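**Student:** Residue numbers (our numbering): 289 to 486.
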Amino acid sequence: MAAVSDAEILSRLERLYLRMRSDPCGRNERMGEIFVPGSGVVEGGRIVFVGEAPGRDEEKAGRPFVGAAGKNLNTMLGLAGLSREEVFITNVIKYRPFTADGGNRTPSSSETKSALPFLIEELEILSPRLVVCLGLCPARALLGTGPVMAEANGKMFRWHGHDLLVTYHPSPLNFNMPSKREAMAGVFERLGRVAGRA
Ligand code: URA
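#1: Tell me which residue opens and which closes the beta strand (DSSP E) that MET444 is part of.
#2: Kindly list the residues whose CB is nearer than 7 Å to the CB of ASN441, restricted to its own chain and excluding five residues on each side of it in sequence; keep chain order.
#3: Note the first and the last residue of the continuous beta strand (DSSP E) segment covering ASN379.
#4: Using the Cα positions of SER293 and LEU411, report the straight-line distance between them to the nearest angstrom.
#5: Quick one: what's PHE386 bridged to in DSSP?
#6: If you check the beta carbons only, do VAL338 and CYS421 fall under 8 Å apart?
#7: Comparing alpha-carbon positions, which option in PHE323, MET465 and ARG315 lies nearest GLU347?
#8: Are there three or more Cβ pairs, one per stretch, closer than 8 Å when the region 395–415 is compared with the region 294–304?
#9: Quick one, which of LEU461, SER310, GLU296 and ASN316 has its alpha-carbon nearest ILE381's?
#10: Would SER310 be called buried (16 or more neighbouring beta carbons within 10 Å of its own) or exposed?
#11: For GLU321 and GLY343, I'd like the C-alpha separation in whole angstroms.
#12: By DSSP, does LEU452 sit in helix, in strand, or in coil?
#13: Return yes when at least one heavy atom of ligand 1 lies under 7 Å from the C-beta of GLY350, else no.
#14: Does the distance from the C-beta atom of ARG372 to that of ALA341 stay below 8 Å?
#15: Taking its Cβ as the centre, do 16 or more other Cβ atoms sit within 10 Å of LEU461, making it buried, or is it exposed?
#16: Quick one: is the Cβ of PHE353 within less than 7 Å of any heavy atom of ligand 1?
#17: In the structure shown, what three-state DSSP assignment does ILE335 receive?
#18: Just to confirm, are ARG300 and SER327 a CB contact at a threshold of 8 Å?
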């Protein structure tokens, strides 16, 4: 099969995001109206990080992982010798799920299921060398099973012909818990070795 150019990948992604914006399948009345697409580079050895859903900060910026979890993710990427300028970051759900009082909330499994076909299409376009699932939401969505994080952290799976690595979500809740932070740090250090950095 002929290699797809980076320009073609970008153009396919743009078309997918346009389609998702104009026909917001997967969005419901308990989600914000602002579409937050994936962001990052498609060149080189693509490593794609998949989070859960945008929060208020991401909705405001229109980019994933710019708030507290994003700062923690930057710290972890640093342990791998990687920067955001070298990776692609996206979420399972592209709209902010909110609670009755307007706070951020974890998406339900049915919301995740509705968003899954679009995530699969996005990943097929990106054709990553490695997919890193940040937390159980993307891991369960893609693997279709219920891994327990304490067992799945650092495990490599095969998904649609791609390598898929699972680790904790870099939320402040996990990051501020020494055991989870250390477990996550170990995975990112290993990731750096796999990516030829650390
Ligand atoms: N948490 C996520 O899962 N994604 C974001 O973009 C921000 C926080």
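All C-beta atoms in this analysis are idealised placements derived from N, C-alpha and C, irrespective of residue type, glycine included.
Here the structure is a predicted model, which is why all the values come from computation and not from measurement.
**Tutor:** In brief:
#1: In the sequence shown, residue 444 corresponds to position 156, counting from 1. From DSSP, the beta strand (DSSP E) with MET444 extends over 444–447.
#2: Stepping through the sequence shown from its first residue, residue 441 is reached at position 153. VAL454, THR455, TYR456, ALA471 and VAL475.
#3: Indexing the sequence shown from 1 puts residue 379 at position 91. Per DSSP, ASN379 belongs to the beta strand (DSSP E) from 376–379.
#4: On the sequence shown, position 5 is the one that residue 293 refers to. On the sequence shown, position 123 is the one that residue 411 refers to. For SER293 and LEU411, the distance between alpha carbons rounds to 15 Å.
#5: As a first step, residue 386 is located in the sequence shown; it is residue number 98 there, counting from the start. In DSSP, PHE386 forms a bridge with ASN392.
#6: Taking the first residue of the sequence shown as 1, we reach residue 338 at position 50. Taking the first residue of the sequence shown as 1, we reach residue 421 at position 133. Yes, the Cβ-Cβ distance between VAL338 and CYS421 is below 8 Å.
#7: For the purposes of this step, residue 347 is taken as the residue at position 59 of the sequence shown. Checking every option, the nearest Cα to that of GLU347 belongs to PHE323.
#8: yes
#9: Numbered from its first residue, the sequence shown carries residue 381 at position 93. It is ASN316 whose Cα lies nearest to the Cα of ILE381.
#10: To locate residue 310, count along the sequence shown from 1; it is residue 22. Label assigned to SER310: exposed.
#11: Sequence index remark: in the sequence shown, residue 321 carries index 33 (1-based). Sequence index remark: in the sequence shown, residue 343 carries index 55 (1-based). The straight-line gap from Cα to Cα measures roughly 12 Å.
#12: Taking the sequence shown and counting its residues from 1, the one referred to as residue 452 is at position 164. Three-state DSSP puts LEU452 in a strand.
#13: The count along the sequence shown starts at 1 and reaches residue 350 at position 62. No, the beta carbon of GLY350 sits no closer than 7 Å to any heavy atom of ligand 1.
#14: Within the sequence shown, the letter at position 84 stands for residue 372. Within the sequence shown, the letter at position 53 stands for residue 341. Not closer than 8 Å, so no.
#15: As a position in the sequence shown, residue 461 is number 173, starting the count at 1. LEU461 comes out exposed.
#16: Position 65 of the sequence shown, counted from the start, is the residue given in the question as residue 353. Because some heavy atom of ligand 1 lies under 7 Å away, the Cβ of PHE353 counts as near it: yes.
#17: As a working mapping, residue 335 is identified with position 47 in the sequence shown. Reduced to three states, the DSSP call for ILE335 is strand.
#18: Your numbering for residue 300 matches position 12 in the sequence shown. Your numbering for residue 327 matches position 39 in the sequence shown. Not closer than 8 Å, so no.
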